[in-house]
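Take this note's numbering: the last position of the sequence shown gets the number 428, and nothing is skipped along the way.
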Amino acid sequence: MHRHRALVLPGLVVAAAVVTLAAYGSTTKRDSTVTITFMEAMSSGKQKPALDLLTSRFERANPGITVNLIAEPNYGVLQQKEQASIAAGAPPTIAQAYENWAAGYADAQAIIPLDGYVHGKSGITAAEQSAFWKGVWKDLYLPDGKIWMWPFNKSDYVVYYNADMLQKAGLAMPKTWVQYATVAKQLTKNGNWAESMDTGTLSAPANGTYVYLSIVRAFGGTWVANGKPTLDTTAGIKALGYLADLKKAGALQIGTNYPGQTALGAGRSAFDLSTVAGYPYVLGAVGGKFSMKVAPMPSGRNGQGNSLQGTNIVIFSKSSTAERAAAWEYMKFLSEPRQTAYWAEATGYLPVTRAALPIMKGYIATHPYQQIAAQSLQTAGGSPPYAWWTTAVGQVAQAMQAVLDNGGDPAHALATAQQKALAAANGG
1 MHRHRALVLP
11 GLVVAAAVVT
21 LAAYGSTTKR
31 DSTVTITFME
41 AMSSGKQKPA
51 LDLLTSRFER
61 ANPGITVNLI
71 AEPNYGVLQQ
81 KEQASIAAGA
91 PPTIAQAYEN
101 WAAGYADAQA
111 IIPLDGYVHG
121 KSGITAAEQS
131 AFWKGVWKDL
141 YLPDGKIWMW
151 PFNKSDYVVY
161 YNADMLQKAG
171 LAMPKTWVQY
181 ATVAKQLTKN
191 GNWAESMDTG
201 TLSAPANGTY
211 VYLSIVRAFG
221 GTWVANGKPT
231 LDTTAGIKAL
241 GYLADLKKAG
251 ALQIGTNYPG
261 QTALGAGRSA
271 FDLSTVAGYP
281 YVLGAVGGKF
291 SMKVAPMPSG
301 RNGQGNSLQG
311 TNIVIFSKSS
321 TAERAAAWEY
331 MKFLSEPRQT
341 AYWAEATGYL
351 PVTRAALPIM
361 KGYIATHPYQ
371 QIAAQSLQTA
381 GGSPPYAWWT
391 TAVGQVAQAM
401 QAVLDNGGDP
411 AHALATAQQK
421 ALAAANGG
(Lines of atoms letter the chains of each structure in order from A and count residues from 1; the text may use other names and numbers.)
(Lines give C-alpha, C1' and ligand atoms only; values in the text may rest on other atoms or scores of the structure.)
Protein backbone atom coordinates (compact mmCIF):
# COMPACT_ATOMS: atom_id res chain seq x y z
CA MET A 1 0.00 0.00 0.00
CA HIS A 2 1.00 3.64 -0.02
CA ARG A 3 3.53 4.76 2.58
CA HIS A 4 2.64 6.85 5.59
CA ARG A 5 5.78 8.43 6.78
CA ALA A 6 7.11 9.16 10.20
CA LEU A 7 7.02 12.98 10.05
CA VAL A 8 5.36 14.31 9.02
CA LEU A 9 -12.26 25.59 3.04
CA PRO A 10 -14.65 26.81 3.18
CA GLY A 11 -15.60 27.92 6.66
CA LEU A 12 -12.21 28.63 8.23
CA VAL A 13 -13.99 30.97 10.62
CA VAL A 14 -15.17 28.49 13.20
CA ALA A 15 -17.36 29.26 16.18
CA ALA A 16 -15.27 30.03 19.22
CA ALA A 17 -17.07 27.36 21.17
CA VAL A 18 -15.78 24.77 18.72
CA VAL A 19 -12.22 26.09 18.62
CA THR A 20 -11.96 26.17 22.37
CA LEU A 21 -13.05 22.64 23.07
CA ALA A 22 -11.50 21.24 26.23
CA ALA A 23 -7.76 21.09 25.77
CA TYR A 24 -7.21 17.78 27.46
CA GLY A 25 -10.58 16.11 27.35
CA SER A 26 -13.21 16.02 30.06
CA THR A 27 -12.04 14.88 33.45
CA THR A 28 -14.20 12.04 34.68
CA LYS A 29 -14.44 10.80 38.27
CA ARG A 30 -14.51 7.01 38.38
CA ASP A 31 -15.17 4.56 41.15
CA SER A 32 -12.85 2.01 39.59
CA THR A 33 -9.94 1.86 37.22
CA VAL A 34 -9.94 0.52 33.70
CA THR A 35 -7.08 -0.34 31.35
CA ILE A 36 -7.45 -0.28 27.59
CA THR A 37 -4.99 -1.45 24.94
CA PHE A 38 -4.31 0.35 21.65
CA MET A 39 -2.60 -1.65 18.91
CA GLU A 40 -0.98 0.85 16.55
CA ALA A 41 1.87 1.36 14.07
CA MET A 42 3.06 4.78 15.24
CA SER A 43 6.32 3.27 16.42
CA SER A 44 9.04 5.33 14.75
CA GLY A 45 10.25 8.84 14.02
CA LYS A 46 8.25 11.62 15.63
CA GLN A 47 5.07 9.58 15.71
CA LYS A 48 6.01 7.56 18.81
CA PRO A 49 6.86 10.44 21.17
CA ALA A 50 3.86 12.42 19.90
CA LEU A 51 1.43 9.59 20.63
CA ASP A 52 3.12 8.92 23.97
CA LEU A 53 2.64 12.57 24.94
CA LEU A 54 -1.00 12.68 23.87
CA THR A 55 -1.69 9.48 25.79
CA SER A 56 -0.06 10.90 28.92
CA ARG A 57 -2.18 14.05 28.60
CA PHE A 58 -5.30 11.93 28.34
CA GLU A 59 -4.45 9.81 31.37
CA ARG A 60 -3.77 12.92 33.47
CA ALA A 61 -7.14 14.37 32.46
CA ASN A 62 -8.98 11.07 33.01
CA PRO A 63 -7.93 9.52 36.32
CA GLY A 64 -8.76 5.86 36.45
CA ILE A 65 -8.09 5.16 32.75
CA THR A 66 -4.79 3.65 31.69
CA VAL A 67 -3.93 3.29 28.00
CA ASN A 68 -1.37 0.65 27.07
CA LEU A 69 0.10 1.28 23.61
CA ILE A 70 1.01 -1.83 21.63
CA ALA A 71 3.31 -0.55 18.90
CA GLU A 72 3.91 -2.58 15.75
CA PRO A 73 6.71 -1.75 13.26
CA ASN A 74 4.53 -1.21 10.19
CA TYR A 75 1.02 -1.62 8.79
CA GLY A 76 1.68 -5.06 7.36
CA VAL A 77 2.65 -6.44 10.75
CA LEU A 78 -0.16 -4.48 12.39
CA GLN A 79 -2.78 -6.14 10.21
CA GLN A 80 -1.29 -9.59 10.81
CA LYS A 81 -1.27 -9.04 14.57
CA GLU A 82 -4.84 -7.76 14.58
CA GLN A 83 -6.06 -10.73 12.56
CA ALA A 84 -4.17 -13.18 14.77
CA SER A 85 -5.56 -11.61 17.94
CA ILE A 86 -9.10 -11.86 16.58
CA ALA A 87 -8.58 -15.51 15.66
CA ALA A 88 -7.22 -16.18 19.14
CA GLY A 89 -10.20 -14.47 20.76
CA ALA A 90 -7.98 -11.91 22.47
CA PRO A 91 -7.94 -8.70 20.43
CA PRO A 92 -6.87 -5.35 21.88
CA THR A 93 -9.49 -2.86 23.01
CA ILE A 94 -8.88 -0.61 20.01
CA ALA A 95 -6.60 -0.54 16.98
CA GLN A 96 -5.78 1.38 13.85
CA ALA A 97 -7.53 0.04 10.76
CA TYR A 98 -7.92 0.91 7.10
CA GLU A 99 -11.41 1.01 5.68
CA ASN A 100 -11.22 -2.43 4.07
CA TRP A 101 -9.80 -3.96 7.26
CA ALA A 102 -12.71 -2.53 9.22
CA ALA A 103 -15.15 -3.96 6.69
CA GLY A 104 -13.71 -7.43 7.17
CA TYR A 105 -13.70 -7.09 10.95
CA ALA A 106 -17.31 -5.92 10.93
CA ASP A 107 -18.33 -8.89 8.77
CA ALA A 108 -16.69 -11.16 11.35
CA GLN A 109 -18.47 -9.30 14.19
CA ALA A 110 -15.05 -8.51 15.63
CA ILE A 111 -15.70 -4.77 16.05
CA ILE A 112 -18.68 -2.69 17.15
CA PRO A 113 -20.50 0.26 15.52
CA LEU A 114 -19.90 3.59 17.22
CA ASP A 115 -23.17 5.46 16.60
CA GLY A 116 -24.29 4.99 20.20
CA TYR A 117 -21.13 6.68 21.44
CA VAL A 118 -20.88 9.38 18.78
CA HIS A 119 -24.49 10.49 19.22
CA GLY A 120 -24.94 9.43 22.84
CA LYS A 121 -24.66 11.26 26.15
CA SER A 122 -20.85 11.34 25.98
CA GLY A 123 -20.81 11.98 22.25
CA ILE A 124 -19.99 15.05 20.22
CA THR A 125 -22.13 18.10 19.55
CA ALA A 126 -23.56 19.08 16.19
CA ALA A 127 -21.05 21.93 16.03
CA GLU A 128 -18.17 19.56 16.68
CA GLN A 129 -19.42 17.20 14.00
CA SER A 130 -19.74 19.97 11.43
CA ALA A 131 -16.14 21.02 12.08
CA PHE A 132 -14.76 17.69 10.86
CA TRP A 133 -13.62 17.83 7.25
CA LYS A 134 -16.38 16.32 5.12
CA GLY A 135 -14.06 13.78 3.52
CA VAL A 136 -12.85 12.63 6.93
CA TRP A 137 -16.38 12.33 8.29
CA LYS A 138 -17.67 10.31 5.34
CA ASP A 139 -14.76 7.92 5.78
CA LEU A 140 -16.07 6.74 9.16
CA TYR A 141 -18.99 4.78 7.71
CA LEU A 142 -19.35 1.27 6.33
CA PRO A 143 -21.93 0.52 3.61
CA ASP A 144 -24.62 -0.30 6.20
CA GLY A 145 -24.81 3.42 7.01
CA LYS A 146 -23.37 3.05 10.52
CA ILE A 147 -20.26 4.67 11.96
CA TRP A 148 -17.70 1.95 12.65
CA MET A 149 -14.48 3.99 12.77
CA TRP A 150 -13.09 7.17 14.31
CA PRO A 151 -10.45 9.33 12.56
CA PHE A 152 -6.81 9.27 13.55
CA ASN A 153 -3.80 9.74 11.25
CA LYS A 154 -4.93 11.28 7.96
CA SER A 155 -3.15 12.56 4.87
CA ASP A 156 -3.90 13.16 1.20
CA TYR A 157 -2.08 13.94 -2.03
CA VAL A 158 -0.35 17.17 -3.04
CA VAL A 159 1.99 18.28 -5.83
CA TYR A 160 5.57 19.06 -4.85
CA TYR A 161 7.17 21.12 -7.60
CA ASN A 162 10.38 22.82 -8.68
CA ALA A 163 9.29 26.46 -8.67
CA ASP A 164 12.58 27.59 -10.23
CA MET A 165 12.15 25.25 -13.20
CA LEU A 166 8.64 26.53 -13.90
CA GLN A 167 9.67 30.16 -13.49
CA LYS A 168 12.63 29.75 -15.85
CA ALA A 169 10.28 28.26 -18.45
CA GLY A 170 7.79 31.07 -17.93
CA LEU A 171 5.10 28.62 -16.81
CA ALA A 172 2.59 28.73 -13.96
CA MET A 173 1.71 25.81 -11.72
CA PRO A 174 -1.14 24.01 -13.55
CA LYS A 175 -4.51 23.96 -11.81
CA THR A 176 -6.28 21.39 -14.02
CA TRP A 177 -5.25 18.06 -15.47
CA VAL A 178 -5.57 19.50 -18.97
CA GLN A 179 -3.15 22.28 -18.05
CA TYR A 180 -0.90 19.77 -16.31
CA ALA A 181 -0.46 17.72 -19.50
CA THR A 182 0.40 20.83 -21.50
CA VAL A 183 2.93 22.10 -18.96
CA ALA A 184 4.40 18.60 -18.48
CA LYS A 185 5.15 18.26 -22.18
CA GLN A 186 6.63 21.75 -22.38
CA LEU A 187 9.02 20.93 -19.56
CA THR A 188 10.15 17.66 -21.16
CA LYS A 189 13.36 18.74 -22.86
CA ASN A 190 17.14 18.86 -22.37
CA GLY A 191 17.10 15.52 -20.58
CA ASN A 192 14.46 16.60 -18.07
CA TRP A 193 10.88 15.46 -17.73
CA ALA A 194 7.75 16.31 -15.76
CA GLU A 195 7.05 13.46 -13.35
CA SER A 196 8.18 10.03 -12.18
CA MET A 197 5.69 7.48 -10.89
CA ASP A 198 5.66 4.07 -9.25
CA THR A 199 2.69 2.10 -10.57
CA GLY A 200 3.01 -0.49 -7.85
CA THR A 201 2.35 -4.19 -8.25
CA LEU A 202 -0.45 -6.68 -7.75
CA SER A 203 0.57 -7.25 -4.13
CA ALA A 204 1.86 -3.75 -3.37
CA PRO A 205 0.03 -0.79 -4.93
CA ALA A 206 2.05 2.43 -4.67
CA ASN A 207 1.62 6.19 -4.74
CA GLY A 208 1.18 6.11 -8.51
CA THR A 209 -1.76 3.76 -8.14
CA TYR A 210 -3.63 6.26 -6.00
CA VAL A 211 -2.62 9.21 -8.18
CA TYR A 212 -4.23 7.41 -11.11
CA LEU A 213 -7.33 6.64 -9.04
CA SER A 214 -7.52 10.32 -8.07
CA ILE A 215 -7.46 11.25 -11.75
CA VAL A 216 -10.30 8.79 -12.37
CA ARG A 217 -12.42 10.57 -9.78
CA ALA A 218 -11.41 13.99 -11.13
CA PHE A 219 -12.54 12.88 -14.59
CA GLY A 220 -15.95 11.97 -13.16
CA GLY A 221 -15.43 8.24 -12.66
CA THR A 222 -15.91 5.96 -9.68
CA TRP A 223 -13.96 3.17 -8.04
CA VAL A 224 -17.02 1.40 -6.69
CA ALA A 225 -20.76 1.69 -7.29
CA ASN A 226 -23.59 -0.23 -5.64
CA GLY A 227 -21.12 -2.31 -3.70
CA LYS A 228 -19.22 -3.51 -6.77
CA PRO A 229 -15.93 -2.42 -8.36
CA THR A 230 -16.12 -0.08 -11.38
CA LEU A 231 -12.57 -0.20 -12.69
CA ASP A 232 -13.33 -0.13 -16.42
CA THR A 233 -15.50 3.00 -16.66
CA THR A 234 -15.08 5.49 -19.50
CA ALA A 235 -13.42 7.86 -17.05
CA GLY A 236 -11.02 5.14 -15.92
CA ILE A 237 -10.01 4.31 -19.49
CA LYS A 238 -9.59 8.02 -20.23
CA ALA A 239 -7.43 8.52 -17.12
CA LEU A 240 -5.13 5.60 -17.95
CA GLY A 241 -4.92 6.82 -21.54
CA TYR A 242 -4.01 10.26 -20.20
CA LEU A 243 -1.03 8.79 -18.33
CA ALA A 244 -0.07 6.66 -21.33
CA ASP A 245 0.01 9.80 -23.48
CA LEU A 246 2.35 11.51 -21.00
CA LYS A 247 4.54 8.40 -21.00
CA LYS A 248 4.68 8.35 -24.80
CA ALA A 249 5.70 12.03 -24.82
CA GLY A 250 8.52 11.29 -22.37
CA ALA A 251 6.92 13.53 -19.74
CA LEU A 252 6.18 10.59 -17.42
CA GLN A 253 8.86 8.15 -16.31
CA ILE A 254 8.14 4.91 -14.44
CA GLY A 255 10.29 3.74 -11.54
CA THR A 256 10.20 2.17 -8.09
CA ASN A 257 10.89 3.19 -4.48
CA TYR A 258 9.56 6.75 -4.63
CA PRO A 259 11.03 7.72 -7.99
CA GLY A 260 9.14 11.03 -8.00
CA GLN A 261 10.94 12.15 -4.86
CA THR A 262 14.31 11.07 -6.27
CA ALA A 263 13.87 12.72 -9.68
CA LEU A 264 12.50 15.95 -8.22
CA GLY A 265 15.32 16.11 -5.67
CA ALA A 266 17.90 15.58 -8.42
CA GLY A 267 16.45 18.47 -10.41
CA ARG A 268 15.52 16.18 -13.31
CA SER A 269 11.72 16.40 -13.02
CA ALA A 270 9.40 19.28 -12.23
CA PHE A 271 6.75 17.50 -10.16
CA ASP A 272 6.30 14.82 -7.52
CA LEU A 273 2.71 13.78 -6.77
CA SER A 274 2.74 12.19 -3.35
CA THR A 275 1.15 12.30 0.09
CA VAL A 276 1.60 15.28 2.36
CA ALA A 277 3.12 12.90 4.92
CA GLY A 278 6.16 12.71 2.63
CA TYR A 279 6.94 16.42 2.90
CA PRO A 280 10.09 16.14 5.06
CA TYR A 281 11.45 13.38 2.83
CA VAL A 282 10.91 15.36 -0.36
CA LEU A 283 12.37 18.45 1.29
CA GLY A 284 15.38 16.41 2.31
CA ALA A 285 15.83 15.07 -1.22
CA VAL A 286 15.74 18.62 -2.61
CA GLY A 287 18.26 19.74 -0.02
CA GLY A 288 17.85 23.44 -0.74
CA LYS A 289 19.11 23.10 -4.31
CA PHE A 290 16.08 25.00 -5.59
CA SER A 291 12.80 26.48 -4.39
CA MET A 292 10.39 23.61 -3.73
CA LYS A 293 6.76 24.54 -3.33
CA VAL A 294 3.55 22.62 -2.70
CA ALA A 295 0.26 22.93 -4.59
CA PRO A 296 -3.11 21.20 -4.48
CA MET A 297 -3.69 18.29 -6.84
CA PRO A 298 -4.94 19.40 -10.29
CA SER A 299 -8.69 19.27 -10.89
CA GLY A 300 -10.94 17.78 -13.53
CA ARG A 301 -14.63 18.32 -14.20
CA ASN A 302 -15.38 16.56 -10.91
CA GLY A 303 -12.87 18.45 -8.75
CA GLN A 304 -9.56 17.16 -7.39
CA GLY A 305 -10.60 13.56 -6.88
CA ASN A 306 -8.01 13.47 -4.10
CA SER A 307 -7.42 10.15 -2.37
CA LEU A 308 -7.72 10.25 1.42
CA GLN A 309 -5.00 8.21 3.10
CA GLY A 310 -4.27 7.03 6.63
CA THR A 311 -6.17 4.98 9.17
CA ASN A 312 -9.07 5.24 11.58
CA ILE A 313 -9.54 3.59 14.99
CA VAL A 314 -11.98 0.74 15.73
CA ILE A 315 -13.26 -0.78 18.98
CA PHE A 316 -13.20 -4.58 19.24
CA SER A 317 -16.29 -6.42 20.38
CA LYS A 318 -14.47 -8.56 22.94
CA SER A 319 -13.93 -5.48 25.13
CA SER A 320 -16.06 -4.92 28.20
CA THR A 321 -18.61 -2.14 28.57
CA ALA A 322 -16.22 -0.18 30.79
CA GLU A 323 -13.35 -0.65 28.34
CA ARG A 324 -15.50 0.51 25.43
CA ALA A 325 -16.57 3.64 27.29
CA ALA A 326 -12.96 4.44 28.21
CA ALA A 327 -11.82 3.74 24.66
CA TRP A 328 -14.40 6.14 23.28
CA GLU A 329 -13.21 8.90 25.61
CA TYR A 330 -9.63 8.33 24.41
CA MET A 331 -10.59 8.25 20.72
CA LYS A 332 -12.69 11.38 21.10
CA PHE A 333 -9.80 13.09 22.89
CA LEU A 334 -7.39 12.37 20.03
CA SER A 335 -9.72 14.07 17.56
CA GLU A 336 -10.25 17.25 19.61
CA PRO A 337 -8.91 20.41 17.94
CA ARG A 338 -5.97 20.97 20.24
CA GLN A 339 -4.87 17.33 20.20
CA THR A 340 -5.18 16.86 16.44
CA ALA A 341 -3.42 20.22 15.91
CA TYR A 342 -0.51 19.03 18.06
CA TRP A 343 -0.47 15.68 16.22
CA ALA A 344 -0.32 17.45 12.84
CA GLU A 345 2.48 19.79 13.88
CA ALA A 346 4.49 16.99 15.48
CA THR A 347 4.11 14.33 12.80
CA GLY A 348 3.16 15.94 9.48
CA TYR A 349 -0.21 14.22 9.31
CA LEU A 350 -3.25 16.47 8.92
CA PRO A 351 -5.72 17.77 11.52
CA VAL A 352 -8.98 15.84 11.21
CA THR A 353 -11.08 18.89 12.01
CA ARG A 354 -10.94 22.38 10.52
CA ALA A 355 -11.40 23.72 14.06
CA ALA A 356 -7.68 22.94 14.53
CA LEU A 357 -6.50 25.42 11.89
CA PRO A 358 -6.85 28.57 14.03
CA ILE A 359 -4.81 26.83 16.74
CA MET A 360 -2.14 26.06 14.09
CA LYS A 361 -1.96 29.63 12.76
CA GLY A 362 1.65 30.17 13.81
CA TYR A 363 2.75 26.79 12.48
CA ILE A 364 0.96 27.24 9.18
CA ALA A 365 2.71 30.59 8.68
CA THR A 366 5.98 28.67 8.29
CA HIS A 367 4.46 25.44 6.94
CA PRO A 368 1.78 26.60 4.46
CA TYR A 369 1.62 23.17 2.83
CA GLN A 370 -0.29 21.94 5.90
CA GLN A 371 -3.24 24.22 5.19
CA ILE A 372 -3.17 23.44 1.46
CA ALA A 373 -3.36 19.71 2.18
CA ALA A 374 -5.81 20.05 5.07
CA GLN A 375 -8.32 21.97 2.96
CA SER A 376 -8.25 19.13 0.42
CA LEU A 377 -9.66 16.86 3.14
CA GLN A 378 -13.00 18.58 2.58
CA THR A 379 -13.49 16.72 -0.71
CA ALA A 380 -10.94 13.87 -0.51
CA GLY A 381 -12.42 10.39 -0.67
CA GLY A 382 -11.27 7.36 1.29
CA SER A 383 -10.70 3.88 -0.06
CA PRO A 384 -13.89 1.84 -0.56
CA PRO A 385 -14.84 0.14 2.72
CA TYR A 386 -15.04 -3.40 1.38
CA ALA A 387 -12.84 -6.32 2.38
CA TRP A 388 -12.26 -7.18 -1.30
CA TRP A 389 -10.81 -3.73 -2.11
CA THR A 390 -7.29 -5.04 -1.40
CA THR A 391 -7.66 -7.34 -4.41
CA ALA A 392 -9.28 -4.66 -6.55
CA VAL A 393 -6.59 -2.03 -6.00
CA GLY A 394 -3.94 -4.64 -6.73
CA GLN A 395 -5.65 -5.28 -10.06
CA VAL A 396 -5.55 -1.53 -10.75
CA ALA A 397 -1.79 -1.54 -10.19
CA GLN A 398 -1.40 -4.50 -12.52
CA ALA A 399 -3.45 -2.76 -15.21
CA MET A 400 -1.22 0.29 -14.91
CA GLN A 401 1.84 -1.91 -15.33
CA ALA A 402 0.36 -3.50 -18.44
CA VAL A 403 -0.23 -0.11 -20.02
CA LEU A 404 2.59 2.12 -18.77
CA ASP A 405 5.37 -0.48 -18.58
CA ASN A 406 4.39 -2.71 -21.48
CA GLY A 407 2.41 -0.50 -23.85
CA GLY A 408 -0.90 -2.32 -23.42
CA ASP A 409 -4.34 -1.01 -24.31
CA PRO A 410 -6.05 0.83 -21.39
CA ALA A 411 -9.52 -0.53 -22.18
CA HIS A 412 -8.31 -4.13 -22.33
CA ALA A 413 -6.13 -3.83 -19.21
CA LEU A 414 -8.96 -2.33 -17.17
CA ALA A 415 -11.51 -4.85 -18.45
CA THR A 416 -9.23 -7.62 -17.20
CA ALA A 417 -8.79 -5.84 -13.86
CA GLN A 418 -12.55 -5.37 -13.54
CA GLN A 419 -13.25 -9.03 -14.21
CA LYS A 420 -10.86 -10.18 -11.50
CA ALA A 421 -11.95 -7.52 -9.01
CA LEU A 422 -15.60 -8.39 -9.59
CA ALA A 423 -14.84 -12.06 -8.94
CA ALA A 424 -13.26 -11.10 -5.62
CA ALA A 425 -16.26 -8.92 -4.74
CA ASN A 426 -18.57 -11.82 -5.51
CA GLY A 427 -16.56 -14.09 -3.25
CA GLY A 428 -14.74 -15.86 -6.06
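Ideal Cβ positions, reconstructed from N, Cα and C, are used throughout, including at glycine. Just so we're clear, the structure is a prediction, and the values are computed from it rather than from any experiment.
Can the beta-carbon of residue i be found less than 7 Å from the beta-carbon of residue j?
i      : j      : result
Ser307 : Ser214 : yes
Ser274 : Asn207 : yes
Asp164 : Phe271 : no
Phe38  : Val67  : yes
Ile237 : Leu414 : yes
Ala346 : Asp156 : no
Val276 : Pro151 : no
Ile313 : Ile36  : no
Ala194 : Ala251 : yes
Trp148 : Ala87  : no
Met451 : Thr199 : As shown, the chain starts at 1 and ends at 428. That puts residue 451 outside it, with no answer to give.
Ala421 : Pro229 : yes
Lys154 : Leu350 : yes
Gln378 : Trp137 : no
Ala41  : Asn74  : yes
Leu54  : Gln339 : yes
Val396 : Ala417 : yes
Gly241 : Pro410 : yes
Ala84  : Ser43  : no
Contact defined as beta carbons within less than 8 Å: I believe residue i pairs with residue j. What is the distance between those atoms, to the nearest angstrom?
i      : j      : result
Ser317 : Glu99  : With 8 Å as the limit, Ser317 and Glu99 do not qualify as a contact, their Cβ atoms being about 18 Å apart.
Ala184 : Leu246 : 6 Å
Met197 : Pro259 : 7 Å
Glu329 : Ser122 : 7 Å
Ala102 : Leu69  : Not a contact, Cβ separation roughly 20 Å.
Ser376 : Gln304 : 6 Å
Gly267 : Asn162 : 7 Å
Trp343 : Ala50  : 6 Å
Buried or exposed for residue i, please, with buried defined as at least 16 other CB atoms from any protein chain shown within 10 angstroms of its CB.
i      : result
Gln398 : buried
Gln419 : exposed
Asn62  : buried
Gln109 : exposed
Gly227 : exposed
Gln47  : buried
Ser269 : buried
Gly348 : buried
Thr311 : buried
Lys332 : buried
Arg60  : exposed
Pro385 : buried
Thr209 : buried
Ala425 : buried
Asn406 : exposed
Gly89  : exposed
Ala127 : exposed
Gly135 : buried
Gly221 : buried
Just grab the DSSP bridge partners of residue i for me.
i      : result
Thr35  : Thr66
Met381 : Note on residue identity: the sequence assigns Gly, not Met, to residue 381. Its beta-bridge partners are Ser307.
Pro151 : Asn312
Glu193 : In the sequence as displayed, the identity of residue 193 is Trp instead of Glu. Trp193 pairs with Ser269.
Ala71  : Glu40
Phe132 : Thr353
Ile94  : Phe38, Ile315
Lys228 : Ala225
Pro205 : Gly200
Does residue i come within less than 7 Å of chain B when only Cβ atoms are used?
i      : result
Ala285 : This model lacks chain B altogether, as it is built from one protein chain only.
Note down the Cα distance separating residue i from residue j, rounded to an integer number of angstroms.
i      : j      : result
Leu114 : Leu140 : 9 Å
Thr125 : Tyr281 : 38 Å
Thr176 : Leu243 : 14 Å
Thr188 : Gly104 : 45 Å
Arg354 : Tyr363 : 15 Å
Ile65  : Asn302 : 46 Å
Gln309 : Thr321 : 31 Å
Gln253 : Gly116 : 49 Å
Thr33  : Gln79  : 29 Å
Lys293 : Val216 : 25 Å
Ile315 : Ala327 : 7 Å
Val393 : Thr201 : 9 Å
Asp52  : Gln129 : 26 Å
Ala365 : Ala235 : 38 Å
Gln167 : Gly427 : 52 Å
Thr233 : Tyr212 : 13 Å
Gly91  : Val178 : The identity of residue 91 in the sequence shown is Pro, whereas the question assumes Gly. Each residue's alpha carbon lies about 49 Å from the other.
Val158 : Tyr279 : 9 Å
Pro174 : Leu264 : 17 Å
Glu82  : Ile111 : 11 Å
Ala225 : Asp144 : 14 Å
Ser319 : Ala218 : 41 Å
Any heavy atom of the ligand MG within a distance shorter than 6 Å of the CB on residue i?
i     : result
Ile36 : Absent from the structure shown: the ligand MG. Ligands present: none.
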